[in-house]
Amino acid sequence: LVYLSPDAEEVLEVLRPGTLYVIGGIVDKTVRRGVSRGVARDLDLPCFRLPIQEHVPRESQGRGHVLNVNTVAHILMRFSEMGEWGPAIRMALEAEAPGRFTEKTSPEPQSSGGGLSAEVQGARGGGGEVPTIL
C-alpha cells in the first residue's frame with residue numbers, strides 16, 4: 030500500500046504491479062497543506078508525490094501543484110500505459126484544461142537508448158498486471 034500526497038518528499042518513479050496506490054486527496058474548498066502526508070505518516074505508510082515539478086515548469090502549472098483526484102488518476106493511468114512521466118503528465122493536464130499547457134511545457138529529454146528500459150517496462154505492469162489506484 031502506497032499513499033500519494035503532493036506534500037511527500039519522495040518522488041514516485043515507478044508503479045509496481047500488485048501495489049495499491051491511495052490518492053491522498055482532501056475534498057475541500059481550500060488547500061490544507063500537509064494533511065495527506067500526515068495521514069500517511071500516522072498510518073505508517075510509504076508516501077510519494079508525482080513528479081509534476083520535474084516535468085512541468087512552475088509557471089505552466091496553473092494552480093500550482095493542486096490537482097483534483099481525477100487528474101491524478103488520469104496521470105497514473107497514462108504512465109501505466111506509456112511508461113514515461115513527462116508525456117503522461119502533459120496529456121492529463123492538457124485534458125483537464127485544453128490549450129493551457131501544450132506550448133508552455135518543456136520538451137521531454139531525448140533518451141539515447143531507444144525503447145523502454147526493463148525498469149520502465151516493469152513500471153508499466155508487464156504481463157497484463159497493473160497497479161491498483163484507490
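The numbering used here applies: residue 30 is where the sequence shown begins, and numbers increase by one.
C-beta atoms are modelled at their ideal positions from N, C-alpha and C, and glycine is treated no differently.
All values derive from a computational prediction rather than experimental measurement.
With a threshold of 7 Å on Cβ separation, who are the neighbours of residue 37 within its own chain once the five nearest residues in sequence on each side are excluded?
66, 76, 77 and 78
CA-to-CA distance, residue 81 to residue 97, given in whole angstroms
13 Å
Would you mind giving the Cβ-Cβ distance between residue 33 and residue 41, rounded to the nearest angstrom? I have them listed as a contact below 8 Å.
7 Å
For residue 104, collect the residues of the same chain with a Cβ closer than 7 Å to its Cβ; drop the 5 residues on either side in sequence, then sort them by chain order.
79, 117, 118 and 121
Mind checking whether residue 52 and residue 102 have CB atoms under 8 Å apart?
yes
Which of the three DSSP states, helix, strand or coil, is assigned to residue 33?
strand
Quick one: what does DSSP say residue 119 is sitting in, helix, strand or coil?
helix
Given residue 47 as reference, the closest of 35, 63, 39 and 30 once Cα atoms are compared
30
In the DSSP assignment, what are the bridge partners of residue 42?
Answer by DSSP bridge pairing: none, since residue 42 is not bridged.
Work out the CA separation of residue 111 and residue 62 for me, nearest whole Å.
30 Å
Measuring straight from C-alpha to C-alpha, what distance separates residue 84 and residue 114?
7 Å
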